[in-house]
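Asks: Numbering (the numbering used here), first residue to last: 6 to 253.
Pasting a structure here, questions to come.
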Amino acid sequence: MEYMEYFLQIYGTLPRAGPGANALTRKAVELMTELPDSPRILDVGCGPGMQTIELLRVTSGTVLALDLIPDMLARVGARAERAGVSGRLETLQQDMNEMSFPPSSFDVVWSEGAIYFLGFEAGLRKVRPFVRPGGYVAVSEAVWLKPDPPPEVVDFWAEYPQIDTVPEKLAVIGRVGYEQVGHFVMPPTAWTENYYGPMEKRIAEKEPDWRGIPTAEAVLREARNEISVFRQYSDYFSYAFFVMQKQC
Ligand SMILES: C[S@@+](CC[C@H](N)C(=O)[O-])C[C@H]1O[C@@H](n2cnc3c(N)ncnc32)[C@H](O)[C@@H]1O
């Protein structure tokens, strides 16, 4: 098997594919006080779709869930069926770099733990035309919580040099031309309950069968390292939710 297949057997099977929680999704929705009755929402990088389903539950709107990986879209679809909200869900397999929608197609563009694939500023710029004036963009993004992280943390985040402080992220939001609506930092439970906790169980299940397979062991090593960096140094970094509005 290829690296990606092993990777998906760990990361592709978790309730979420990044930090977050339904309560935090709801908290971000509550910041959007001027939503229409049935908002049209684009969920960029939906992954397994925990937040997609919550958006469908807490609004009476429709969601277009977009992801590159067909398996992720299949999981979102199955979850929506189980939750009885599939009638308001559409899925789209697409590279977010290629996204193209008519101007003002959506009341909300949502992206939890995925806008970084475009880059924070580039991503906010890219989705802006898709949102109608007065509509919202809500994203979660990696942030530093305090200065001078130790070398292990710096190494871990070297892959995403755009991680920055909350004030710097807010400055980007202003520069792109959105009005800030609200923001909050995710608590450590957002990483452990739906993400690293289930990941640890999955690693333990796979470990015996994958012993001696170099590619598989590399996936397990990286997953263990990611969890270990978080468990030791979660006071240095987290994700924050940022909710912003496109001016009328
Ligand atoms: C870290 S996961 C977050 C998933 C989900 N939003 C969550 O919070 O559980 C990022 C998701 O973005 C998707 N993705 C990565 N690159 C992408 C791209 N270029 N276009 C579309 N989706 C992409 C991945 O397949 C994955 O499902």
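The beta-carbon is built from N, C-alpha and C at its ideal position, and this holds for glycine as well.
Only a predicted model underlies this, so the values are computations on that prediction, with no experimental measurement involved.
From Ala-147, Gly-52, Cys-51 and Gly-182, pick the residue whose C-alpha is nearest to that of Pro-193; which is it?
Replies: Along the sequence shown, one-based indexing puts residue 193 at 188. Cα-wise, what sits closest to Pro-193 is Ala-147.
Asks: Would you mind working out which of Lys-151, Gly-187 and Trp-162 sits nearest Thr-170, comparing C-alpha positions?
Replies: As a first step, residue 170 is located in the sequence shown; it is residue number 165 there, counting from the start. Of the listed residues, the one whose Cα sits closest to Thr-170 is Lys-151.
Asks: Report yes or no: do three or more beta-carbon pairs, one from the region 153–172 and one from the region 231–238, lie closer than 8 Å?
Replies: Result yes; three or more Cβ-Cβ pairs closer than 8 Å.
Asks: According to DSSP, is Gly-187 part of a helix, a strand, or is it coil?
Replies: On the sequence shown, residue 187 is found 182 positions in, with the first residue counted as 1. Strand, per DSSP.
Asks: Check whether the region 63–77 and the region 39–47 are in contact - that is, three or more C-beta pairs closer than 8 Å.
Replies: Segments in contact, yes.
Asks: Are there any heavy atoms of ligand 1 lying less than 7 Å away from the beta-carbon of Asn-27, as far as the coordinates show?
Replies: Locating residue 27 in the sequence shown gives position 22, counting from the first residue. No, the Cβ of Asn-27 stays beyond 7 Å of every heavy atom of ligand 1.
Asks: Can you give the Cα-Cα distance for Pro-75 and Pro-41, rounded to whole angstroms?
Replies: For this step, residue 75 is matched to residue 70 along the sequence shown. For this step, residue 41 is matched to residue 36 along the sequence shown. If I take the Cα positions, the gap works out to 30 Å.
Asks: Any idea what DSSP makes of Glu-59, helix, strand or coil?
Replies: Looking up residue 59 in the sequence shown gives position 54. Looking at Glu-59 - three-state DSSP - the assignment turns out to be helix.
Asks: In terms of residue numbering, what span does the beta strand (DSSP E) encompassing Pro-138 cover?
Replies: Counting from 1 along the sequence shown, the entry for residue 138 is found at position 133. Taken as a continuous stretch (DSSP letters only), the beta strand (DSSP E) holding Pro-138 covers 136–149.
Asks: Taking C-beta to C-beta, are Leu-129 and Met-101 nearer than 8 Å?
Replies: As a working note, residue 129 is residue 124 in the sequence shown. As a working note, residue 101 is residue 96 in the sequence shown. No, Cβ-Cβ distance for Leu-129 and Met-101 is not below 8 Å.
Asks: Three-state secondary structure (DSSP) at Val-113?
Replies: Locating residue 113 in the sequence shown gives position 108, where the first residue counts as 1. In this structure, Val-113 counts as strand in the three-state DSSP scheme.
Asks: Residues in its own chain within less than 6 Å of Leu-61 by CB, not counting five upstream and five downstream?
Replies: The count along the sequence shown starts at 1 and reaches residue 61 at position 56. Once the five neighbours on either side are set aside, the close Cβ partners of Leu-61 are Val-68, Val-90 and Arg-93.
Asks: For the putative contact between Lys-206 and Ile-15, defined by C-beta atoms under 8 Å, what is the C-beta separation to the nearest angstrom?
Replies: Counting from one through the sequence shown, the residue named residue 206 turns up at place 201. Counting from one through the sequence shown, the residue named residue 15 turns up at place 10. Not confirmed; about 10 Å, so no contact.
Asks: Kindly indicate the opening and closing residues of the alpha helix (DSSP H) around Val-178.
Replies: What you label residue 178 is simply residue 173 of the sequence shown in a count that begins at 1. Per the sequence presented here, residue 178 reads as Ile, with Val not at that position. Counting along the chain, the alpha helix (DSSP H) containing Ile-178 begins and ends at 171–181.
Asks: Starting from Ile-232, trace the alpha helix (DSSP H) in both directions and tell me its first and last residue.
Replies: Within the sequence shown, residue 232 is the residue found at index 227, counting from 1. Counting along the chain, the alpha helix (DSSP H) containing Ile-232 begins and ends at 219–238.
Asks: Does the beta-carbon distance from Gly-25 to Gln-56 come in below 8 Å?
Replies: As a position in the sequence shown, residue 25 is number 20, starting the count at 1. As a position in the sequence shown, residue 56 is number 51, starting the count at 1. Taking 8 Å as the Cβ cut-off, Gly-25 and Gln-56 qualify as a contacting pair.
Asks: Tell me the rounded alpha-carbon separation between Asn-199 and Glu-164.
Replies: By one-based count along the sequence shown, residue 199 stands at place 194. By one-based count along the sequence shown, residue 164 stands at place 159. Near 23 Å, if we compare the C-alpha coordinates of Glu-164 and Asn-199.
Asks: Give me the Cα-Cα distance between Ala-88 and Thr-220, rounded to the nearest whole angstrom.
Replies: Position 83 of the sequence shown, counted from the first residue, corresponds to residue 88. Position 215 of the sequence shown, counted from the first residue, corresponds to residue 220. Whole-angstrom Cα-Cα distance: 36 Å.
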